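Following: one structure in structure tokens, then a few remarks.
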Amino acid sequence: MKRTITNSAKSRAKVNEGKGMTMASRRLRAATLIGTSLGFVALGSAACVPAASGGSVGSTGMPTTSASISQADKAEGAKAHPQLLEEFGGSVSGPQAAYVESVGKTIAVQSGLSNARGDFTVTLLNSPVNNAFAIPGGYVYVTRQLTALMNNEAELAGVLGHEVGHVAARHAAKRQQAAQRNQIIGVLGSILSGVLLGDSSFGQFGQKLFSQGSQLLTLKYSRSQELEADNLGITYLKRAGYDPRAMATVLESLARQNALEAQLRGTSNQVPEWASTHPDPASRVRDALNRAGSNATGLTNRDRFLTGVDGLVYGDDPKQGVVEGSKFTHPVLRFAFEAPDGFYMVNGSSAVSINGQSGKAQFSGGKLSGSLETYIQTVFSGLTDSGQAKIAPSSVERTTVNGIPAAYGVARVQSSNSSVDVVVFAYDFGNGQAYHFVTIAQAGGAGVFNPMFRSLKRISASEAGSVKPRLLDVVTVKSGDTVRSLSQRMAYSDAQLERFLVLNGLQSNATLTPGQKVKIVTY
Numbered sequence: 095m096k097r098t099i100t101n102s103a104k105s106r107a108k109v110n111e112g113k114g115m116t117m118a119s120r121r122l123r124a125a126t127l128i129g130t131s132l133g134f135v136a137l138g139s140a141a142c143v144p145a146a147s148g149g150s151v152g153s154t155g156m157p158t159t160s161a162s163i164s165q166a167d168k169a170e171g172a173k174a175h176p177q178l179l180e181e182f183g184g185s186v187s188g189p190q191a192a193y194v195e196s197v198g199k200t201i202a203v204q205s206g207l208s209n210a211r212g213d214f215t216v217t218l219l220n221s222p223v224n225n226a227f228a229i230p231g232g233y234v235y236v237t238r239q240l241t242a243l244m245n246n247e248a249e250l251a252g253v254l255g256h257e258v259g260h261v262a263a264r265h266a267a268k269r270q271q272a273a274q275r276n277q278i279i280g281v282l283g284s285i286l287s288g289v290l291l292g293d294s295s296f297g298q299f300g301q302k303l304f305s306q307g308s309q310l311l312t313l314k315y316s317r318s319q320e321l322e323a324d325n326l327g328i329t330y331l332k333r334a335g336y337d338p339r340a341m342a343t344v345l346e347s348l349a350r351q352n353a354l355e356a357q358l359r360g361t362s363n364q365v366p367e368w369a370s371t372h373p374d375p376a377s378r379v380r381d382a383l384n385r386a387g388s389n390a391t392g393l394t395n396r397d398r399f400l401t402g403v404d405g406l407v408y409g410d411d412p413k414q415g416v417v418e419g420s421k422f423t424h425p426v427l428r429f430a431f432e433a434p435d436g437f438y439m440v441n442g443s444s445a446v447s448i449n450g451q452s453g454k455a456q457f458s459g460g461k462l463s464g465s466l467e468t469y470i471q472t473v474f475s476g477l478t479d480s481g482q483a484k485i486a487p488s489s490v491e492r493t494t495v496n497g498i499p500a501a502y503g504v505a506r507v508q509s510s511n512s513s514v515d516v517v518v519f520a521y522d523f524g525n526g527q528a529y530h531f532v533t534i535a536q537a538g539g540a541g542v543f544n545p546m547f548r549s550l551k552r553i554s555a556s557e558a559g560s561v562k563p564r565l566l567d568v569v570t571v572k573s574g575d576t577v578r579s580l581s582q583r584m585a586y587s588d589a590q591l592e593r594f595l596v597l598n599g600l601q602s603n604a605t606l607t608p609g610q611k612v613k614i615v616t617y
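Position in the sequence shown (from 1) plus 94 gives the number in the working numbering.
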């Protein structure tokens, strides 16, 4: 959650851009330009702006020619780039970013979109979400979290090659019609509009609205397009001299990470619901390995990669707030709150999502130019898209939480098969700044969030100063070190061994060799 967070579509436009462009329309703008993630990571999307014309697909399913980057693509990409940076926490600078940029340009020129490295802009995003994507115009993105999960340079090249492959194969243009049919609109608005229209149950819209770490609610590519992008990524790896088997190993690491996160949350669903139409991770790993060939050879550049990513911030950046168990702390904005028992949190670049079986919530904030009552009414008004029936609370009640002036409103929304209660609970932090929760629960069940509403508090300077970032630390195995002993150095109170194994692509029976380099996470 970044420092500037807003309370409604209208105030977002005023606070963040000052050009009358609402956050919903900005999200739509990004959705229409963005490429896809790897298909079972945190974000799936489809682009509505056609890529450059000129590519065709042969009988093998592989493009026979690649479209070049047109001036129109460059112009559209340049417009979308700052919006995407804002959506995904901004860019990382320094030697790690320079290293990722170099690898990304090396693999991008293999696509045939351009032979000039300077035609590509490769960005390492400051995001704790596992994600990568590309957009027409030569713009390629990968998050620091996904980069930290990789174990060699070939894997990084494979992920970025997959994303460039979507652009080279013109998948964006091919999904344009589907995107228009589904009317991608603002994240919260689209979900609540669906409820009002009677075509969505609580479970469905709650899952879509608060999918793990998702920054945009957008469409996904088809199974065939994901597989085609995998294959293109493998082709680019071969052309660049990398070991093409890296595509399979990074897909396996992603599958294991998803399974671990599901385990830590106490859920059985290892793949985000939006990815249900994509090829399952296991089959993608097998397909990628078969295409690469079991006897394939090539560079992995493991040591160079580990040196290049050493010191990356891992997980939440304290500048954006930190989730620690059931507690969220923002040391810069100086507040903290706790999720209800049985709920887990995911920190996004513009909001924190709170997820559980009995309800969903988001926390964000914005400028307070009038009363809390007006603020709450504005938040409710921003929950639906223009042209849809507005949601309004039956009343707004005043209260005080830990010395902070607060107010809340409740609205009951009826769908075709159930009713839900939507609550907006807002806090006046003074100096024109407010924060608020938006919660959704089955009718009569909103009380599950009462402990969370009461938990929001200001924190002292010493409490803020105690929040430290986790960092990726590359260490050299010494004589006597084991998987178990090194895992105990992981900066977590739970699942230390499991986290260490997934982070390093190791199995539980792995034997470490003195001089070998491995990753741990430290404060």
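Glycine included, every Cβ here is placed at the ideal spot set by N, Cα and C.
Computed from a prediction, not measured in an experiment: that's the story for all the values here.
| query | result |
| --- | --- |
| Using the three-state DSSP reduction, which class does residue 406 fall into: helix, strand or coil? | coil |
| Apply the 10 Å Cβ neighbour rule to residue 574 and answer buried if 16 or more other Cβ atoms are within range, or exposed otherwise. | exposed |
| Sort out for me which residues DSSP pairs residue 439 with in a bridge. | 448 |
| So what does DSSP say about residue 252, is it helix, strand or coil? | helix |
| Can you check whether the CB of residue 184 is closer than 7 Å to the CB of residue 213? | no |
| Can the beta-carbon of residue 539 be found less than 7 Å from the beta-carbon of residue 452? | yes |
| Go through its chain and collect everything with a Cβ distance to residue 547's Cβ below 6 Å, but skip five positions before and after it. | 519 |
| Considering residue 618, what are the terminal residues of the beta strand (DSSP E) in which it resides? | With the chain represented from 95 up to 617, any question about residue 618 goes unanswered, as that position is not in the structure. |
| If we count Cβ pairs, one from each stretch, closer than 8 Å, do we get three or more for the stretch 441 to 461 versus the stretch 571 to 589? | no |
| Looking at the unbroken beta strand (DSSP E) that takes in residue 613, where does it start and where does it end? | 611 to 616 |
| Are the stretch 248 to 256 and the stretch 323 to 334 touching, with three or more C-beta to C-beta distances below 8 Å? | yes |
| Quick one: is residue 468 buried, meaning 16 or more other Cβ sit within 10 Å of its Cβ, or exposed? | exposed |
| By Cβ distance below 7 Å, which residues in the same chain neighbour residue 124 in space, the five residues on each side in sequence not counted? | Bear in mind that a pLDDT of 38 at residue 124, under 50, signals an unreliable position, so the number given afterwards is only what the model happens to contain. Excluding sequence neighbours, residue 124 sits near 174, 177, 178, 181 and 310. |
| Just reading off the beta strand (DSSP E) that residue 327 is part of, what are its end residues? | Unbroken run through residue 327 is the alpha helix (DSSP H), 317 to 334; no beta strand (DSSP E). |
| Report the option in 435, 336 and 533 whose CA atom is closest to the CA atom of residue 198. | 336 |
| I need the DSSP call for residue 586, collapsed to helix, strand or coil. | coil |
| With burial defined as no fewer than 16 other Cβ atoms inside 10 Å of the residue's Cβ, what is the status of residue 617: buried or exposed? | exposed |
| When you compare only the Cα positions, how much space is there between residue 409 and residue 418? | 10 Å |
| Please report how far the alpha carbon of residue 529 lies from the alpha carbon of residue 236, in whole angstroms. | 30 Å |
| For residue 399, which residues from the same chain have a beta carbon less than 6 Å from its beta carbon, with the 5 sequence-adjacent residues on both sides left out? | 246 and 247 |
| Closer than 8 Å is the cut-off here; do at least three beta carbon pairs connect the stretch 386 to 406 with the stretch 491 to 505? | no |
| Roughly how many whole angstroms lie between the Cα atoms of residue 262 and residue 386? | 20 Å |
| Under a Cβ-count criterion, where at least 16 other Cβ atoms within 10 Å of its own Cβ denotes burial, should residue 491 be classed as buried or exposed? | exposed |
| Where do the N-terminal and C-terminal ends of the beta strand (DSSP E) with residue 519 fall, by residue? | 513 to 524 |
| Taking 8 Å as the threshold, find out whether the stretch 376 to 385 comes into contact with the stretch 335 to 351 through three or more Cβ pairs. | yes |
| My output table needs one value for residue 472: the three-state DSSP class, helix, strand or coil. | helix |
| Tell me whether residue 425 is buried or exposed, calling it buried when 16 or more other Cβ atoms sit within 10 Å of its Cβ. | buried |
| For residue 428, does the three-state DSSP call read helix, strand or coil? | coil |
| Please return the same chain residues whose Cβ sits closer than 6 Å to the Cβ of residue 545, not counting the five positions on each side in sequence. | 434 |
| Mapping DSSP to helix, strand and coil, what is residue 381? | helix |
| So which of 565, 596, 602 and 559 has the shortest CA-CA distance to residue 576? | 602 |
| Take residue 282 and list the residues in its own chain whose beta-carbon comes closer than 6 Å to its own, dropping the five residues that flank it on each side. | Note that residue 282 scores 33 on pLDDT, short of 50, meaning its location in the model is unreliable; the coordinates nonetheless yield the value given after this. Same-chain partners within the cutoff: 477. |
| For residue 470 versus residue 501, is the C-beta distance shorter than 7 Å? | yes |
| Of the residues 533, 590 and 394, which one's Cα is nearest the Cα of residue 474? | 533 |
| Please report the Cβ distance between residue 552 and residue 428, rounded to the nearest whole angstrom; I am assuming they are in contact, meaning their Cβ atoms lie under 8 Å. | 6 Å |
| My output table needs one value for residue 201: the three-state DSSP class, helix, strand or coil. | helix |
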